[in-house]
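Participant: Residue numbering for the sequence shown follows our numbering, starting at 8 and increasing by one per position.
The C-beta atom is built at its ideal place from N, Cα and C for all residues, glycine as well.
Before anything else, here's the structure in question.
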Amino acid sequence: MRAIIAFLIVSLFGSAPVLASTPNEHTINYPARAWHLDQSGTVSVLYDITAKGKPENIRIIKSTNRDLFDDAVKAGIHKWHFEKGKPEKDIAVTIHFQK
8 MRAIIAFLIV
18 SLFGSAPVLA
28 STPNEHTINY
38 PARAWHLDQS
48 GTVSVLYDIT
58 AKGKPENIRI
68 IKSTNRDLFD
78 DAVKAGIHKW
88 HFEKGKPEKD
98 IAVTIHFQK
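So, in structure tokens, the structure goes:
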């Protein structure tokens, strides 16, 4: 698998709370198909963090190319881990994929 990592920019929508916890590893693999097709894109998501420190309820808010990037973003965020005991709701993240 490629070691290419998407550039990750964290942004807050509206009045979302400031993040009290940050992922210990926040990488998302650049999808191989998008890489081979020389495609770039942006995906904006909202997700929650459980009391166990796991992301859940990952929702795509906006995507420039759903067929190429959305599944990679969801899979990547699902692997993140956060500090236990600090649940949060509606955390906004925008991921930019650019070659």
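What's the C-alpha gap between Ser-47 and Ala-58?
Facilitator: 34 Å
Participant: Contact defined as beta carbons within less than 8 Å: I believe Lys-61 pairs with His-88. What is the distance between those atoms, to the nearest angstrom?
Facilitator: Confirmed, about 7 Å.
Participant: Do Ile-98 and Thr-49 have their CB atoms nearer than 9 Å?
Facilitator: no
Participant: Write down the C-beta distance between Glu-63 and Asp-55 rounded to the nearest angstrom, noting that I regard them as a contact closer than 8 Å.
Facilitator: 5 Å
Participant: Could I get the ranges of all uninterrupted alpha helix (DSSP H) runs contained in the region 30–89, with 4 residues as the minimum, in chain order?
Facilitator: Qualifying alpha helix (DSSP H) stretches, in chain order: 39–43 and 73–85.
Participant: DSSP three-state label for Lys-91, please.
Facilitator: coil
Participant: Buried or exposed, going by whether 16 or more other CB atoms sit within 10 Å of the CB of Ile-35?
Facilitator: So Ile-35 counts as buried.
Participant: Go ahead and pull the three-state DSSP assignment for Lys-96.
Facilitator: strand
Participant: Once the 5 residues before and after Lys-4 are set aside, which same chain residues still bring their CB inside 6 Å of it?
Facilitator: Coverage of the chain is limited to positions 8 through 106, which leaves residue 4 absent and any answer about it impossible.
Participant: Mind checking Ile-84: buried by the 16 CB within 10 Å criterion, or exposed?
Facilitator: Answer is buried; the Cβ neighbour count reaches 16.
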